[in-house]
Amino acid sequence: MAASFDSFGLGEPLLKAVAEKGYTSPSPIQSQCIPAVLAGHDVMAAAQTGTGKTAGFTLPMLERLRHGPPARAGIVRSLVLTPTRELAAQVGESVRAYGRYLDLRSDVVFGGVKVNPQINRLQRGADILVATPGRLMDLYQQKALRLDRVEILVLDEADRMLDMGFIRDIQKILALLPAKRQNLLFSATFSGDIRRLATGLLHNPVQLQATPANQAAPTVEHLLHPCDMDRKGDLLSHLIRSNDWQQVLVFSRTKHGANRMADRLIREGMTAAAIHGNKSQGARTRALADFKAGALRVLVATDLAARGIDIHQLPHVVNLDLPNQAEDYVHRIGRTGRAGHNGHAISLVAAEESELLRAIERVIGLSLPRQEVPGFEPKVLSAAPLDLSGGRGKGGRRSPAPHGARHRGGRRPSGSGR
Ligand code: AMP
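And the structure:
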């Protein structure tokens with residue numbers, strides 16, 4: 070896997086946008102896909118949501134498009150087809166984010182909303198058009214766009230498009246495209262139908278297989294305790310005392326929060342310290358040495374302070390707050406359960422953190438088992454679509470979270486893009 074985004078030959082405007090997203094290294098699918106697309110190959114990728122596939126096709130697509138003449142009236146230069154309007158909107162969002170320093174026009178069209186504004190916008194053409202198949206055909210029939218100049222076609226979540234009955238629309242669309250173009254096909258699964266579609270569509274494709282961008286260490290037992298924001302300190306203190314944990318690393322999102330938590334535990338008679346960017350290197354090194362030696366029972370750290378420090382095989386890691394970046398969750402729990410030792414990764418999660426939780430569960434590819442702690446049951450419950458309670462009162466494991474309409478990795482039908 071390439072170590073950095075710089076090595077692919079993506080232009081400065083794209084690297085800058087990637088840096089602003091906070092990505093430090095490409096995911097496996099990105100490392101494979103970006104060079105293949107830049108080289109002009111067709112691609113067939115087994116990749117599901119959470120692998121970073123969107124940036125995998127969007128970044129090289131934008132790089133190629135930026136070197137050609139911009140779209141003229143009514144012309145579409147690259148077409149991304151998605152099964153649902155939710156996915157179209159999300160891909161469109163990614164295209165805007167990665168393309169923010171480029172002079173390329175992108176647009177998103179899907180059904181269920183008025184067609185006239187879409188027709189008006191498309192008069193100017195689009196360098197990138199993200200669309201659901203049904204609405205794209207409507208627009209084409211109304212002569213709102215031309216598809217005979219498409220340079221790059223992306224079919225995203227192709228299996229789901231077939232499941233949703235879009236095959237006829239897709240075939241009609243394919244017939245409108247120029248013969249010479251680049252084709253990228255992404256699908257979570259490869260049934261006979263998908264293979265048939267791929268055979269007719271792709272020319273000598275580079276075949277890629279994605280693994281989830283970040284795989285959590287298998288020996289770690291994850292657990293999520295739903296809890297109100299203002300009771301997290303109480304709950305952490307309770308967990309340490311009632312379980313008699315002797316060495317626990319706690320992650321806090323803020324320096325202030327880390328200080329406050331350490332101070333509180335000290336007041337309660339525990340040995341604790343906080344490490345973060347405002348502490349001197351000396352203080353950090355000392356705290357770490359004491360913690361490793363067992364002289365310090367609780368170490369409360371921010372992500373930055375913990376990065377790169379060598380503390381392995383910790384029995385307990387607690388997320389007092391969820392990290393802002395989903396991949397930091399993986400880094401945090403990478404501190405526990407190493408080398409065959411069992412570890413516990415415990416997250417105290419408030420309703421306000423539902424979005425972060427969803428992102429983390431997507432990246433690690435599993436739903437964290439929910440378990441309420443008696444006496445700390447949350448009063449504030451998260452709004453749909455993410456149910457933090459996980460079957461209140463039953464505790465324990467459960468099947469993946471009901472992501473509802475925004476779930477896009479699974480196979481369940483949701484609103485069609487028509
Ligand atoms: P996707 O599989 O394209 O839906 O992406 C899943 C999630 O991973 C999204 O929230 C992306 O923002 C995030 N992501 C994509 N690429 C990277 C990367 N290289 N590093 C960290 N996060 C990423």
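Count along the sequence shown starting at 1, add 69, and that's the number in the working numbering. The beta-carbon is built from N, C-alpha and C at its ideal position, and this holds for glycine as well. Fair warning: this is a prediction, and the values are worked out from it, not measured in the lab.
1) When every heavy atom of the ligand AMP is checked, does at least one fall within less than 7 Å of the C-beta of Pro-392?
2) In terms of residues, what are the limits of the beta strand (DSSP E) holding Phe-74?
3) Take Gly-91 and list the residues in its own chain whose beta-carbon comes closer than 6 Å to its own, dropping the five residues that flank it on each side.
4) Gln-251 and Gly-109 look like a contact to me (Cβ under 8 Å); what is the Cβ gap, rounded to whole Å?
5) At a cut-off of 7 Å, is Glu-132 close to the ligand NAP when judged by its beta-carbon and the heavy atoms of the ligand?
6) Alpha carbon to alpha carbon, how far is Asp-359 from Pro-392?
7) Just checking, does the segment 162-179 make contact with the segment 222-233 on the three C-beta pairs under 8 Å criterion?
8) Specify, as a first and last residue, the run of the alpha helix (DSSP H) that Ser-175 falls within.
9) Just the C-alpha distance for Leu-292 and Ala-420, rounded to the nearest angstrom, thanks.
10) Tell me whether the beta-carbon of Arg-174 lies closer than 8 Å to the beta-carbon of Gly-194.
11) Taking only the alpha-carbon atoms, compute the straight-line gap between Lys-324 and His-345 and give it to the nearest angstrom.
12) May I ask which residues mark the beginning and end of the alpha helix (DSSP H) holding Asn-46?
13) Among the residues of its own chain, which have a CB less than 7 Å from the CB of Gly-78, if the five just before and after it don't count?
14) Taking Thr-201 as the reference, give the member of Ala-428, Gly-302, Leu-148 and Asn-185 with the closest Cα.
15) The beta strand (DSSP E) with Thr-255 in it runs from where to where?
16) Would you be able to state if there are at least three C-beta pairs under 8 Å between the segment 126-137 and the segment 83-102?
17) Below 8 Å on the Cβ atoms is my contact criterion, and I expect Glu-290 with Phe-255 to pass it. Report the Cβ-Cβ distance as a whole number of Å.
Concretely, from the data shown:
1) Here residue 392 refers to the residue found at position 323 of the sequence shown. Because no heavy atom of the ligand AMP lies under 7 Å away, the Cβ of Pro-392 does not count as near it: no.
2) Counting from 1 along the sequence shown, the entry for residue 74 is found at position 5. Counting along the chain, Phe-74 falls outside any beta strand (DSSP E), and DSSP gives it neither H nor E.
3) Mapped onto the sequence shown, residue 91 falls at position 22. So the list reads Gln-394, once near-sequence residues are dropped.
4) Translated into the one-based positions of the sequence shown, residue 251 becomes position 182. Translated into the one-based positions of the sequence shown, residue 109 becomes position 40. That pair is a contact at about 6 Å.
5) This structure does not include the ligand NAP; its bound ligands are the ligand AMP.
6) As a first step, residue 359 must be located in the sequence shown, where it is residue number 290. As a first step, residue 392 must be located in the sequence shown, where it is residue number 323. Rounded to whole angstroms, Asp-359 to Pro-392 spans 25 Å at the Cα level.
7) no
8) As a first step, residue 175 is located in the sequence shown; it is residue number 106 there, counting from the start. No alpha helix (DSSP H) holds Ser-175; the beta strand (DSSP E) holding it covers 175-178.
9) As a first step, residue 292 is located in the sequence shown; it is residue number 223 there, counting from the start. As a first step, residue 420 is located in the sequence shown; it is residue number 351 there, counting from the start. The alpha-carbon atoms of Leu-292 and Ala-420 are separated by roughly 16 Å.
10) Taking the first residue of the sequence shown as position 1, residue 174 is located at position 105. Taking the first residue of the sequence shown as position 1, residue 194 is located at position 125. Yes, the Cβ-Cβ distance between Arg-174 and Gly-194 is below 8 Å.
11) Here residue 324 refers to the residue found at position 255 of the sequence shown. Here residue 345 refers to the residue found at position 276 of the sequence shown. C-alpha separation (whole angstroms): 6 Å.
12) Any question about residue 46 goes unanswered here, given that the chain covers just 70 to 487.
13) In the sequence shown, the residue the question calls residue 78 occupies position 9. So the qualifying residues of the chain are Leu-107.
14) Here the question's residue 201 lines up with position 132 in the sequence shown. Thr-201 has its Cα closest to that of Leu-148, out of Ala-428, Gly-302, Leu-148 and Asn-185.
15) In the sequence shown, the residue the question calls residue 255 occupies position 186. Thr is not the amino acid found at residue 255; the sequence shown has Phe there. Unbroken beta strand (DSSP E) run through Phe-255: 251-256.
16) yes
17) What you label residue 290 is simply residue 221 of the sequence shown in a count that begins at 1. What you label residue 255 is simply residue 186 of the sequence shown in a count that begins at 1. Their Cβ separation, rounded to whole angstroms, is 32 Å, which puts Glu-290 and Phe-255 out of contact at 8 Å.
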